[in-house]
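Reviewing the structure listed below.
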C-alpha cells in the first residue's frame, strides 16, 4: 500500500558518479530521509530540464541513507543524466511495484540470471540474498554481457562468493577480446545441465527482452516449471501506480503488480516478449 504522495519527488543530492562501462554509470544519491525499498522495486528519477524515467535501485535494500541506481545511456534523458556531476539535485518518486518475493523461498535453491545491464536491478536482490545466505540452500548467480568491457561490477564478483560455500558466480561474454580468459558464449550456455535440485529451485531473471525469452525457454527445457521462473519486466512504466496503462500485460500493470512477474501468471499473453 502506497503511504507517500506518489506524484511528489523527493529532492536528493547526487554525491558520486561511478563509471561502470563505456555506456553505463552508477549514480549515488544522498536521501533526505531514510529510504526503504524492496529488492526489485523501482523509482522514477527526475532530472530537472530533461524529464523523468523509471530506474531500479542497484544498492542494498538494507542501506537507507543512500540510494544507487545504475543507468545505461540509451536516449535523450539518459544522455543528459550521464553528463550530470556530483552536487546536482535530482528528484526521486517511489518506490513502486512489489519487488521480489524472496521470503517465500527460504530454504530453496535460488538461481539469479542476468544479461547486460540486467545485472543492475538484480544487484539489490543479490545484496539481500547474501545478507542472509544461510537461509537458502544455495544461491547460484549466472551473468552474461556482450563483451568483457561491458561486464558490470567486476570488482564485486569475488566478494559475493567469499566465505559463502553455498554461493557461486559464473559469467560469460558473447564475444571475447584480447586478454580475456573467461567463458565465451551466450548466457543460456551457463544454464545447460544445471547443478541444482530443480524441484527446489526458483529463478529470478533480468535482461533485454530477447534474453528473457531465450533464458525462459532454456529453463523450461531444463525442467523448471513456469511457476519457478520470475521475470523482471522493466519496460514502458511511467506513472508508477497503474493509472496510465502503458505497461499493461493482460490484466496486470507492471508498475503496480510487478515489475517482477511470475511467468506462470503472464505466459498466456502475446506481449510478454
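Numbering (the numbering used here), first residue to last: 13 to 285. Glycine residues also receive a C-beta, built at the ideal position from the N, C-alpha and C atoms.
(message) What does DSSP give as the partner residue(s) for residue 274 in the beta ladder?
(response) For the purposes of this step, residue 274 is identified with residue 262 of the chain shown, where counting begins at 1. Answer by DSSP bridge pairing, in chain order: 242.
(request) Please list, in chain order, all residues of the same chain as residue 140 whose beta carbon is under 6 angstroms from its beta carbon, the five residues on each side excluded. (result) By 1-based counting over the chain shown, the position of residue 140 is 128. Excluding residues within five positions, the ones whose Cβ falls inside 6 angstroms are 51, 73.
(message) Going by DSSP in three states, residue 155 sits in which element: helix, strand or coil?
(response) Numbered from its first residue, the chain shown carries residue 155 at position 143. Residue state, collapsed to three classes: strand.
(message) Could you give the first and the last residue of the continuous alpha helix (DSSP H) run that contains residue 269?
(response) One-based indexing of the chain shown puts residue 269 at position 257. From DSSP, the alpha helix (DSSP H) with residue 269 extends over 266-269.
(message) Using C-beta distances below 6 angstroms, list every residue in its chain close to residue 280, excluding the 5 sequence neighbours before and after it, in chain order.
(response) Walking along the chain shown from the start, residue 280 turns up at place 268. Here the set comprises nothing.
(message) I'd like to know if the region 145-152 and the region 113-130 are in contact, where contact means that at least 3 CB-CB pairs between them fall below 8 angstroms.
(response) yes
(message) Please state whether the Cβ-Cβ distance between residue 44 and residue 56 is less than 9 angstroms.
(response) Translated into the one-based positions of the chain shown, residue 44 becomes position 32. Translated into the one-based positions of the chain shown, residue 56 becomes position 44. Cβ atoms of residue 44 and residue 56: not closer than 9 angstroms.
(request) Could you spell out where the alpha helix (DSSP H) holding residue 170 opens and where it closes? (result) Start at 1 with the first residue of the chain shown, and residue 170 comes out as number 158. Start and end: 169-173.
(message) Taking the alpha carbon of residue 192 as the reference point, which residue from 237, 258, 163 has its own alpha carbon closest?
(response) Indexing the chain shown from 1 puts residue 192 at position 180. Minimum Cα distance to residue 192 is reached at 163.
(request) Would you kindly check if the distance between the Cβ of residue 165 and the Cβ of residue 184 is under 9 angstroms? (result) Within the chain shown, numbered from 1, the residue matching residue 184 stands at position 172. Within the chain shown, numbered from 1, the residue matching residue 165 stands at position 153. Not closer than 9 angstroms, so no.
(message) With the cut-off set at 9 angstroms, would you say residue 82 and residue 129 are in Cβ contact?
(response) Here the question's residue 82 lines up with position 70 in the chain shown. Here the question's residue 129 lines up with position 117 in the chain shown. Contact: yes.
(message) When you compare the CB positions of residue 247 and residue 229, do they come within less than 9 angstroms of one another, or not?
(response) Mapped onto the chain shown, residue 247 falls at position 235. Mapped onto the chain shown, residue 229 falls at position 217. Not closer than 9 angstroms, so no.
(request) Assign residue 200 to one of three DSSP states: helix, strand, or coil. (result) On the chain shown, position 188 is the one that residue 200 refers to. Residue 200 falls in the helix class under three-state DSSP.
(message) Within a Cβ cutoff of 7 angstroms, which residues of the same chain sit near residue 21, ignoring the five residues on either side of it in sequence?
(response) For the purposes of this step, residue 21 is taken as residue 9 along the chain shown, with counting starting at 1. Cβ within range, chain order: 58, 103, 104, 105.
(message) Using 8 angstroms for Cβ pairs, my map puts residue 39 next to residue 107. What's the rounded Cβ distance?
(response) Locating residue 39 in the chain shown gives position 27, where the first residue counts as 1. Locating residue 107 in the chain shown gives position 95, where the first residue counts as 1. Rounded, the Cβ-Cβ distance is 16 angstroms, inconsistent with contact.
(request) Using beta-carbon positions only, say whether residue 157 and residue 180 come within less than 9 angstroms of one another. (result) Counted from its first residue, the chain shown places residue 157 at position 145. Counted from its first residue, the chain shown places residue 180 at position 168. Not in contact: residue 157 and residue 180 (Cβ atoms no closer than 9 angstroms).
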